[in-house]
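Each protein sequence line maps, in turn, to chains A and B.
Plus 55 on top of the position in the first sequence (first one is 1) and you've got this note's numbering.
Plus 55 on top of the position in the second sequence (first one is 1) and you've got this note's numbering.
There are 2 protein chains.
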Amino acid sequence: MGRQRLDSPTLEEVAALAGVGRGTVSRVVNNAAGVRDSTRRAVQRAIAELGYVPNLAARSLAGRRADAVALVMTERHWRLFGEPFFAETVRAVSDSLADTGMQLLLTLVRTDVERRRFVEYARGGRVDGTLLMSLRADDRLPDMLGEAGLPTVLLGRRSDDERVTYVDADNVGGARDAVTHLLGGGRTKIATITGPLDMYAARCRLRGYQEALARAGAESPPSLAVEGDFTEESGRRAMTELIARHPDLDGVFAASDTTAAGALTALRAAGRRVPEDVAVIGFDDFPLAQHTDPRLTTVRQPVDDIGRALVRLLMAEIAEPAVAWQHVILRTELVLRGSA
Amino acid sequence: MGRQRLDSPTLEEVAALAGVGRGTVSRVVNNAAGVRDSTRRAVQRAIAELGYVPNLAARSLAGRRADAVALVMTERHWRLFGEPFFAETVRAVSDSLADTGMQLLLTLVRTDVERRRFVEYARGGRVDGTLLMSLRADDRLPDMLGEAGLPTVLLGRRSDDERVTYVDADNVGGARDAVTHLLGGGRTKIATITGPLDMYAARCRLRGYQEALARAGAESPPSLAVEGDFTEESGRRAMTELIARHPDLDGVFAASDTTAAGALTALRAAGRRVPEDVAVIGFDDFPLAQHTDPRLTTVRQPVDDIGRALVRLLMAEIAEPAVAWQHVILRTELVLRGSA
DNA sequence: CTGAAAGCGCTAACAT
DNA sequence: ATGTTAGCGCTTTCAG
């Protein structure tokens with residue numbers, strides 16, 4: 056059977072070799088205070104000599120914690136694996152978590168079987184808490200975990216009325232700022248390429264777009280909006296469609312920067328059938344090569360802050376029973392780069 | 056404290072409610088044979104009533120196994136996160152593993168601290184085995200794990216002489232086939248865009264390219280090869296460079312399909328400064344939108360087979376001490392699609 | 001077929 | 001400051 060080397064030394068053997076009691080070794084291993092320096096050194100020497108490594112299962116069993124948290128990716132997200140936002144978020148969480156000494160476990164949950172299996176894994180005490188990314192509105196995973204009394208924090212709420220602790224970017228505000236900026240630049244015919252509208256974040260960005268236009272007294276006819284799915288290809292396709300419908304448009308707000316990159320490609324391909332200076336604004340800001348296009352401005356989400364907030368909230372829930380839920384909404388920032 | 060709900064029912068409580076002994080409940084939970092049907096049903100009823108979920112730490116401690124395996128991504132790979140090959144491989148492994156009832160844990164290992172921490176995690180018995188993806192030649196992780204007696208399987212060897220069990224695609228052969236195909240089509244001036252040459256797979260593909268040319272008695276001057284890094288952007292850049300150097304080239308072998316897609320973009324941008332029908336062949340085959348270009352042919356790696364082989368070998372090593380190491384090389388397939 | 005009992009290796013509370 | 005002890009919840013003999 057796999058697992059700890061069968062002849063792996065135990066705490067007891069270390070204690071024997073160092074000539075101390077088990078408790079003392081435990082204290083040294085856990086960096087607890089109250090051990091004379093000379094004793095500590097003797098124990099450390101014994102640990103090194105034996106190549107001792109604590110058995111985590113025993114530690115969990117006795118200490119009632121796993122020292123690990125899971126970051127769950129659902130099927131939906133899996134398709135977006137390549138999105139810079141996704142990769143960056145994982146990195147940010149990983150960085151924040153590094154300080155806490157907890158292991159980060161990425162977990163795929165694509166089917167209902169896997170969903171159930173994960174809940175058993177979590178309820179079984181293998182993780183102290185769970186981070187869930189961009190769930191679909193109808194995903195019950197947070198509730199299953201919540202009922203089991205497991206600390207859970209969402210990245211991105213599922214709906215307006217989310218009754219679980221979450222961290223989210225100000226999607227409505229960010230989109231509004233972007234479109235308001237375009238309007239301020241004198242543009243009048245502004246289209247949008249949305250994300251998949253069964254995702255709350257995508258709907259928020261669409262709402263922000265509509266609000267900005269409404270505030271300016273402008274119209275937002277349905278023909279100016281095309282649904283995409285955050286991918287580059289959908290951006291290309293949607294842009295082509297938009298150009299056909301409205302050759303005179305002079306601004307585009309895309310729900311992601313990947314989509315925006317696709318839109319720019321289509322725009323370039325269209326050549327002079329469209330105005331030279333169509334401005335494009337995309338959500339998220341990462342070093343995509345395509346960003347070199349001077350027409351692209353982006354709405355930056357503070358990924359590091361998001362990662363920090365997620366970890367902070369999760370640790371708080373792990374530390375205390377959590378009688379209430381908390382929400383953290385992070386401000387976005389418009390990164391002007393081009394002529395937009 | 057996070058972890059199992061404090062009032063979580065135990066095996067003992069289930070036994071009490073069902074009016075049986077602990078052992079019997081354990082047998083039922085683990086689907087072991089030798090329990091009368093009526094007894095089994097009674098236990099199951101008690102389990103349902105109490106909402107019992109086994110404590111995994113206790114199970115690990117007593118049963119000496121974790122029922123989980125880790126798939127480790129290193130920093131290098133992390134940068135390639137968006138690569139379809141990567142995502143597809145994870146999916147394939149996840150699928151194969153589903154049958155075994157083991158949990159798949161993706162783990163990030165970017166720094167040496169994380170490297171050491173992971174080894175402690177693994178040695179601590181939290182996973183039964185480890186799968187490592189596309190390591191750099193100088194990564195010691197497999198050796199650290201090996202010394203600890205932990206079952207380890209690599210996806211992609213680090214060098215010609217890999218002394219750890221691994222699964223790999225026939226990179227040399229695949230590249231050779233691709234280039235031979237181009238030569239067979241009458242092309243004579245064939246360039247290559249390589250992957251990062253500190254990765255063994257990238258070097259193999261370059262070697263295959265060179266071998267094919269050599270066998271045909273053709274030259275492969277250094278100016279026909281440009282180093283890329285598997286990304287689309289590098290493909291674009293490299294292709295631009297190649298066009299400048301050799302406006303008359305009529306074929307390109309790219310080390311990844313993402314790179315190939317970038318090359319095609321550059322080719323399109325170059326317009327008629329290059330021959331109309333430059334053929335491009337990329338490694339890997341996934342439904343990238345860019346593949347619609349008729350000039351692109353690809354070398355397909357059998358991702359599902361790779362996933363299956365990885366899981367099979369790992370399970371074998373977990374089951375037995377493993378006195379030897381095994382290598383599995385999977386054949387690639389040329390997927391003709393265009394004019395190549 | 002089933003119950004009882006002996007640990008798995010560690011933490012934490014309690015002595016000393 | 002350090003040794004001792006009592007479990008944590010489960011699997012796995014070993015009896016019966």
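For glycine and all other residues, C-beta sits at the position ideal for the given N, C-alpha and C.
query: Chain-order list of residues whose beta-carbon lies under 8 Å from that of residue 191(B) (same chain, five-residue window excluded); result: 129, 131, 213, 253 and 254
query: Beta-carbon proximity list for residue 376(A), same chain, < 7 Å, skipping 5 on both sides; result: none
query: Chain A residues whose Cβ lies nearer than 7 Å to that of residue 181(B); result: 111
query: Cβ neighbours of residue 365(B) in the same chain (closer than 7 Å, five flanking residues each side left out); result: 148, 186, 208, 210 and 222
query: Exposure of residue 450(A), with buried meaning 16 or more beta-carbon neighbours within 10 Å; result: Limits of chain A in this structure are 56 at one end and 395 at the other, which puts residue 450(A) out of reach.
query: Cross-strand partners of residue 159(B) (DSSP beta bridge); result: 124(B)
query: Rounded straight-line distance, which links the Cα of residue 164(A) to that of residue 179(B); result: 25 Å
query: Any beta strand (DSSP E) of 3 or more consecutive residues that is wholly inside the segment 172-253 of chain A; result: 184-188, 207-210, 221-224 and 245-249
query: CB contact check: residue 275(A) to chain B, cutoff 8 Å; result: no
query: 4-residue-minimum alpha helix (DSSP H) runs that sit fully inside the segment 66-108 of chain B, ordered along the chain; result: 66-73, 77-84 and 92-105
query: Three-state secondary structure (DSSP) of residue 355(A); result: strand
query: Which of helix, strand or coil DSSP assigns to residue 392(B); result: coil
query: Beta-ladder partner(s) of residue 337(B), from DSSP; result: 309(B) and 353(B)
query: Per DSSP, the bridge partner or partners of residue 384(A); result: 223(A)
query: Cα-Cα separation, residue 264(A) to residue 300(A); result: 19 Å
query: Contact set between residue 115(B) and chain A, taken where Cβ atoms lie within less than 7 Å; result: 112
query: Where residue 109(A) falls, given that 16 or more other Cβ within 10 Å makes a residue buried; result: buried
query: Through-space distance from residue 367(B) to residue 220(B), alpha-carbon basis; result: 11 Å
query: Within-8 Å CB hit, residue 99(B) to chain A; result: no
query: Residue 280(B) in three-state terms, based on DSSP; result: strand
query: Buried versus exposed call for residue 63(B) [16 or more other C-beta atoms within 10 Å across all chains shown]; result: buried
query: Boundaries of the alpha helix (DSSP H) in which residue 148(B) is found, first to last residue; result: 139-153
query: Close Cβ partners of residue 345(A) (< 7 Å) along its chain, the five nearest in sequence each way excluded; result: Note that residue 345(A) scores a pLDDT of 46, beneath 50, so its modelled location is shaky; the value from the coordinates is reported in the next line. 316 and 319.
query: Where residue 164(A) falls: helix, strand or coil (DSSP); result: strand
query: Segment contact flag, the segment 318-335 of chain A with the segment 265-277 of chain A, C-beta cutoff 8 Å, min 3 pairs; result: no
query: Alpha-carbon spacing of residue 267(A) relative to residue 309(A), whole angstroms; result: 14 Å
query: 7 Å Cβ shell around residue 68(A) - same chain, five flanking residues per side excluded; result: 105
query: For residue 314(B), three-class secondary structure by DSSP; result: helix
query: Residue 129(B), DSSP secondary structure in three states; result: strand
query: Where residue 331(A) falls, given that 16 or more other Cβ within 10 Å makes a residue buried; result: exposed
query: Selected residue, minimal CA-CA separation from residue 313(B), among 291(B), 235(B), 287(B) and 325(B); result: 287(B)
query: Buried or exposed by the 16-neighbour rule on C-beta atoms within 10 Å, applied to residue 198(A); result: exposed
query: Residue range of the alpha helix (DSSP H) that includes residue 326(B); result: Note, residue 326(B): premise wrong, no alpha helix (DSSP H); not H, not E.
query: Inter-stretch contact at 8 Å, needing at least 3 Cβ pairs: the segment 158-178 of chain B / the segment 374-392 of chain B; result: no
query: Other residues of its chain near residue 391(A): CB distance less than 7 Å, five sequence neighbours each side excluded; result: 352
query: DSSP-derived helix/strand/coil call for residue 379(A); result: coil
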